[in-house]
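Since the structure comes first, as structure tokens, the remarks are kept for the end.
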Amino acid sequence: MNLYLKMAAIAAAALLGIFAGYHAWDVMAIHDVVLHHTHAHPFSLYGLERGDSIVFCNPSPFYVELDVVRLEVLRGGEAIAAYDAPPRMLPPSRVYAVNGTFTAPLGEDPGGILLGMDELYGDPGLDLSGADHEALPPPDDAGVRLTLGTQVAGVSLYTETVTHEPADFYAMMDGDISGLPCY
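Take 2 as the starting number for the sequence shown in the numbering used here and just add one per residue.
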């Protein structure tokens, strides 16, 4: 084998290794991304629909690419409202605010469902007289599913999905963030 062919093979292997390592890092780092909300008042799904932001904390020392950010309100395991945010590149050891949009099946307005979830699980001081109680899941049938995803090699999508009890999700969104390296 001539010298130039060996050098080309080594360079190609090095580039392939760097490329594979970058995408492997995204897959590993997606587990550490922390979700929170941006405002001083208690978290509200209805507030998200009306323009509040959510924040992602990337505690890793490298950029993390999020191609899928989806939050779903569940009834019986099925989504009754979904929040989608555009793809983002999260800077290392920093917070990044994201705005998305809520949708509901069959083009319904998800506002009543979200108000009801806030009334049941959010700040007890809220006056949410516009809540759609009939569309709400019973407490033992409700959930919030968070899906984060990243592209692997630009071809395959790796997603991680976690389903939370609503009360746990609200507590996570309002939880203490002082110990995170992003703040």
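By construction, the Cβ of each residue, glycine as well, lies at the ideal position given by its N, Cα and C atoms. All figures in this text were calculated on a predicted structure; none of them were measured in a lab.
The Cβ neighbour count for residue 119, taken over all protein chains shown within 10 Å, is at least 16; the residue is labelled buried.
In this structure, residue 74 lies near residue 111, with their beta-carbon atoms less than 9 Å apart.
Look at the segment 55-127 and you find these whole runs of alpha helix (DSSP H), each 4 residues long or longer: 112-122. Secondary structure at residue 14: helix, using DSSP grouped into helix, strand and coil. Look at residue 35 here: in three-state DSSP terms it is strand. With a cut-off of 8 Å on Cβ pairs, the segment 92-101 is in contact with the segment 52-66, counting three or more such pairs.
Scanning its chain for C-beta atoms nearer than 7 Å, with the 5 sequence neighbours on each side dropped, one finds no residue around residue 16.
Close CB contacts of residue 39 within its chain, under the 8 Å cut and outside five residues either way in sequence, are with 53, 54, 55, 56, 98 (chain order). In this structure, the beta-carbon distance from residue 168 to residue 122 falls below 9 Å.
Counting every other CB atom within 10 Å of its CB across the protein chains shown gives residue 59 a total of 16 or more, marking it as buried. Judged by DSSP secondary structure, residue 143 falls outside any alpha helix (DSSP H) and instead within the beta strand (DSSP E) spanning 143-153.
Annotation for residue 147: 72, 163 place their beta carbon closer than 6 Å to its own, counting only its chain and skipping 5 residues before and after. Bounds of the beta strand (DSSP E) holding residue 161 are 157-165.
Put simply, of 14, 3, 12, 28 the residue whose alpha carbon is nearest the alpha carbon of residue 157 is 28.
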